[in-house]
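Residue numbers for the sequence shown follow this note's numbering, so the first one is 140 and each next one is one higher. The C-beta atom is built at its ideal place from N, Cα and C for all residues, glycine as well. Input: a single structure, listed below in structure tokens.
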Amino acid sequence: MIKEIKMRRSIRKYTDEPVDDEKILELLESARLAPSGDNTQPWHFIVVKSELIRHQLAQVSNNQKWMLTAPVFIVCVADIRSRIAEDVDLSLNENSPLAELKQIIRDTSISIGHIMLEAENIGLGTCWVAWFIQEEIRPVLNIPVDKYVVGIITLGYADETPKARPRKKLEELIHYENW
140 MIKEIKMRRS
150 IRKYTDEPVD
160 DEKILELLES
170 ARLAPSGDNT
180 QPWHFIVVKS
190 ELIRHQLAQV
200 SNNQKWMLTA
210 PVFIVCVADI
220 RSRIAEDVDL
230 SLNENSPLAE
240 LKQIIRDTSI
250 SIGHIMLEAE
260 NIGLGTCWVA
270 WFIQEEIRPV
280 LNIPVDKYVV
290 GIITLGYADE
300 TPKARPRKKL
310 EELIHYENW
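As structure tokens, this is what we get:
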């Protein structure tokens with residue numbers, strides 16, 4: 140797997156070749172198998188192929204037109220009801236202070252990482268997009284206010300080969316026993 144980790148790049152230009160549904164399901168299966176705290180599995184995924192909806196999503200994502208070259212978007216949504224079962228009114232946004240929100244974002248992020256690495260493994264390109272606000276993105280897909288959109292993964296066959304970006308040296312990141 141280290142090969143895929145080293146080779147993965149954020150792709151912002153895709154070919155117009157369609158992505159088979161079987162490959163999309165394989166990616167989603169890799170996400171389903173991700174670990175989560177207390178095995179809550181808070182993630183949901185919305186597969187978007189519609190040109191109209193992709194346009195709307197790109198528009199609420201700071202009008203990033205490059206997104207439209209990807210034939211598929213996977214919208215990754217965290218469900219706080221996996222941690223808060225009570226029937227209380229919740230409206231989540233970027234400023235929500237709930238500890239459970241941080242937990243579901245963490246867990247859903249792990250599943251997104253699985254999608255991106257499996258995509259690299261099967262020859263697909265991805266880019267994680269998160270330049271949006273909840274109040275603008277949720278209405279596009281009729282997502283309830285108690286759900287939190289963690290990211291949009293653009294998906295398709297890469298039409299570019301970006302070079303590796305600089306990474307910090309491992310020695311700069313490792314601490315033993317304490318800070």
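Exercise for the section: Give the range of the alpha helix (DSSP H) segment to which K145 is assigned. Expected result: The sequence position of residue 145 within the sequence shown is 6, counting from 1. Start and end: 141-146.
Exercise for the section: Please state whether DSSP places W267 in a helix, a strand or coil. Expected result: Residue numbering aside, residue 267 sits at position 128 when the sequence shown is read from its first letter. Correct three-state label for W267: strand.
Problem - Nearest residue (CA-CA) to L166, options D298, I244, T293 - result: Position 27 of the sequence shown, counted from the first residue, corresponds to residue 166. Of the candidates D298, I244, T293, the one whose C-alpha sits nearest the C-alpha of L166 is T293.
Exercise for the section: Using DSSP bridges, identify the partner residues of V288. Expected result: Here residue 288 is taken as the residue at index 149 of the sequence shown, counted from 1. DSSP output for V288 lists V216 as bridge partner(s).
Handout entry: Nearest residue (CA-CA) to I150, options R193, L207, W182, S175
Key = Your numbering for residue 150 matches position 11 in the sequence shown. Nearest option by C-alpha distance: L207.
Problem - DSSP-derived helix/strand/coil call for L196 - result: Translated into the one-based positions of the sequence shown, residue 196 becomes position 57. Reduced to three states, the DSSP call for L196 is helix.
Problem - 8 Å contact criterion, which L231 and D285 should meet: CB distance rounded - result: If you number the sequence shown from 1, residue 231 lands on position 92. If you number the sequence shown from 1, residue 285 lands on position 146. Yes, L231 and D285 are in contact; Cβ-Cβ is about 6 Å, under 8 Å.
Handout entry: Sequence-distant residues of its chain with Cβ nearer than 6 Å to E257 (five each side left out)
Key = In the sequence shown, residue 257 corresponds to position 118, counting from 1. Contacts found: L166, S169.
Exercise for the section: With V186 as the anchor, note down where its beta strand (DSSP E) starts and where it stops. Expected result: Walking along the sequence shown from the start, residue 186 turns up at place 47. Where V186 is concerned, the enclosing beta strand (DSSP E) stretches over 182-187.
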